[in-house]
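Here the structure is laid out as structure tokens; the discussion comes afterwards.
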Amino acid sequence: MPPTAPPSPDAAGDPSDLPSSTPTEGSGRLVAVRHGATAWSATLRHTGRSDLPLDPEGREQARAVGRRLAHHRFALVLVSPLTRARETSELAGFGTAEVCDDLREWDYGAYEGRTTADIRVERPGWSLWRDGAPDGESLAQVAARADRVVTLARAAPGDVLVFAHAHILRVVAARWLSLPAGDGSRWVLGPASVSVLGWERETPVIERWNDTGGEP
5 MPPTAPPSPD AAGDPSDLPS STPTEGSGRL VAVRHGATAW SATLRHTGRS DLPLDPEGRE
65 QARAVGRRLA HHRFALVLVS PLTRARETSE LAGFGTAEVC DDLREWDYGA YEGRTTADIR
125 VERPGWSLWR DGAPDGESLA QVAARADRVV TLARAAPGDV LVFAHAHILR VVAARWLSLP
185 AGDGSRWVLG PASVSVLGWE RETPVIERWN DTGGEP
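If you want the working numbering, it's the 1-based position in the sequence shown plus 4.
If you want it as structure tokens, here you go:
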């Protein structure tokens, strides 16, 4: 299978097109929770549009997230429409979260359900961030969704909580920091982790990343 063309700098997210990084009065933080474990996450299979539920470990992880967040108040709670994210939000005690389609995971197209090691047998050195996936979303398309999430969060009158997926949340983090979307490749995100995107005065920052213990 021939490789797809690497995205251009513009397609990967030109910093000049990023949402404004200047906080408005009352701007809060974006608290991002990756969903709990599934049958595919343990084997590192790309899980985009496949609507897998949490496995038993993932359900317990979601309850633990709920205990961590129980004493924190949020101005807005958003969740991906996919089952694994919605189950995580419900088991964490946020069953009334607003479904946000922009938080769905990257669509991996023809590479759905496959591991990076398997794909590299056909395409040595393949990287989702650089090479994309046949019949899937481009980095630019994922970045556009992430930008909308960032804009929505910054408009809320306090902290915003989101339940979603590893790749889309990594892109959201890059865009929060006013970086190109492809810079999301530089950090990882484990199941049921809590990350906090905030501010140092007017500068957007990562306050916490890939954390599995403690309140936000």
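Glycine residues also receive a C-beta, built at the ideal position from the N, C-alpha and C atoms.
How would you write the range of the alpha helix (DSSP H) that residue i sits in, first residue to last?
i: A159; result: 143–159
Report, in whole angstroms, the separation of the C-beta atoms of residue i and residue j, which I expect to be a contact under 8 Å.
i: L86; j: R108; result: 6 Å
i: G97; j: A74; result: 7 Å
i: G99; j: Y115; result: In fact, because the Cβ distance is near 32 Å, the residues do not count as touching under 8 Å.
i: W133; j: S189; result: 4 Å
i: W213; j: S31; result: No, W213 and S31 are not in contact; Cβ-Cβ is about 20 Å, not under 8 Å.
Using three-state DSSP, classify residue i as helix, strand or coil.
i: G222; result: Only positions 5 to 220 of the chain appear in this structure, which leaves residue 222 out of reach.
i: W203; result: strand
i: E94; result: helix
i: L132; result: helix
i: E109; result: coil
i: R118; result: coil
i: A137; result: coil
i: L173; result: helix
i: L86; result: coil
i: V192; result: coil
i: L56; result: coil
i: A178; result: helix
i: L73; result: helix
i: D187; result: helix
i: G30; result: Unreliable placement is indicated for G30, whose pLDDT of 44 sits below 50; no coordinate value is reported for it.
From the options, pick the residue whose C-alpha is nearest to that of residue i; which is it?
i: D151; options: A121, V125, D135, D106; result: D106
i: G194; options: A66, E141, A101, G140; result: A66
i: A68; options: D122, W203, V198; result: V198
i: C104; options: D215, A41, R149, A79; result: R149
i: H39; options: Y115, W191, G70, T120; result: G70
i: D215; options: R33, V209, A196, P60; result: A196
i: W191; options: E64, I172, G62; result: I172
i: G162; options: R77, S84, R124, E204; result: R77
i: L181; options: A157, R205, I210, A159; result: I210
i: A121; options: R63, G62, T47, A41; result: T47
i: L95; options: L58, I123, T119; result: L58
i: R291; options: T42, R158, R33, A144; result: Outside the displayed span of the chain (5 to 220) sits residue 291, for which this structure offers no information.
i: S93; options: G117, T119, R63; result: R63
Please list the terminal residues of the continuous beta strand (DSSP E) segment that includes residue i.
i: V211; result: One detail in the question is off: residue 211 reads as Glu in this sequence, not Val. Per DSSP, E211 belongs to the beta strand (DSSP E) from 207–215.
i: R38; result: 34–38
i: V164; result: 164–168
i: L183; result: That residue, L183, is in no beta strand (DSSP E); it is neither H nor E in DSSP.
Contact criterion: CB-CB distance below 8 Å. Does residue i meet it with respect to chain B?
i: V103; result: Reference to chain B is not applicable here, since this structure consists of a single protein chain.
Contact the region 111–121 vs the region 157–170: 3+ CB pairs below 8 Å: no
Pair every Cβ in the region 133–153 with every Cβ in the region 169–187, then say whether three or more of these pairs are closer than 8 Å. yes
Are three or more beta carbon pairs between the region 50–57 and the region 182–191 nearer than 8 Å? no
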